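Data block below; observations after.
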Amino acid sequence: MILLAIFGLFLLIVEALLLGLLFWVLFKIGLWRFLDRNLPFSFFREGYDGSMNLNGLTYQGQSFWLAILSLTFSVLFLFMAVGTFGIKFGLFLIFFVPGIVLLLRIRTFNESNILPETGLGYDPFLGFKFSFFSSWPGLMFGFTGLFLNPIPLYVPFLIPMGFIFALIPLFPDYINKYLSYDIRSKKAFDFFQPLGIFGVILQLVIWVIF
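Okay, so the sequence shown: first residue is 857 according to the working numbering, each after it adds one.
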């Protein structure tokens, strides 16, 4: 069992590296340039230097690219060769949820929402990062437990919490309405970091206790 798990992890790493290599090759042959020419919004920021760097993309460009990456990886996890369906579906959701929400909310993660005082807007990479970080215990352990017999007591708690903590960082415009400061600033990290840590600890505690 342990050897199978190690082999599965190794296979997953190899598949992820090959997929990363594929995206790098596509970048080298001009994928980003193609997207900039064909998307209905600017993919590159003014002064883009030609490097494979998210900072060279507009917020819309970052949202679109992160969505492509996360949706591709989510499918990879869902159809990987080893692991229970619960584990694979949990991994699928960890990547799929932020990817699809960024795509659907591309008008929020937009250059037009940049605050003149800070020069910052609703950062899609920050939202993606904390969505991924905050939700993994609930979605991973929750859906793994859902396919056990009997179903553990933590499942009805972890799955909803996983979705909640996955979605909160992806709705910064709604959060902004209830804060005394504007989240379109460096304070966004200070807000989401403790929230993410709290979410992970809370989900892990529930998983251990139940």
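Glycine is no exception: its CB is placed at the ideal position from the N, C-alpha and C atoms. The structure presented is a predicted model; accordingly, all values stated were derived computationally and were not measured.
The C-alpha of Phe1027 is placed about 14 Å away from the C-alpha of Leu1051. Its chain contains Val1011, Leu1014, Ile1015 and Gly1018 as the residues whose beta carbon lies nearer than 6 Å to that of Gly998, once the 5 sequence neighbours on both sides are disregarded; these appear in chain order.
Within a 10 Å sphere around the beta-carbon of Gln918 sit 16 or more other beta-carbons, which makes this residue buried. Under the DSSP assignment, Asn1032 falls in the alpha helix (DSSP H) whose first and last residues are Pro1028 to Asn1032. Three or more Cβ pairs closer than 8 Å define a contact, and the region 926 to 936 meets that threshold against the region 949 to 966.
Between Pro980 and Tyr1037, the gap from beta carbon to beta carbon reaches 8 Å or more. Bridge partners of Leu1009 according to DSSP: none are assigned.
Fewer than three beta-carbon pairs drawn from the region 988 to 997 and the region 965 to 975 are found closer than 8 Å, and the two stretches are therefore not classed as touching. A direct Cα-Cα distance of roughly 17 Å separates Ile1057 from Pro1025.
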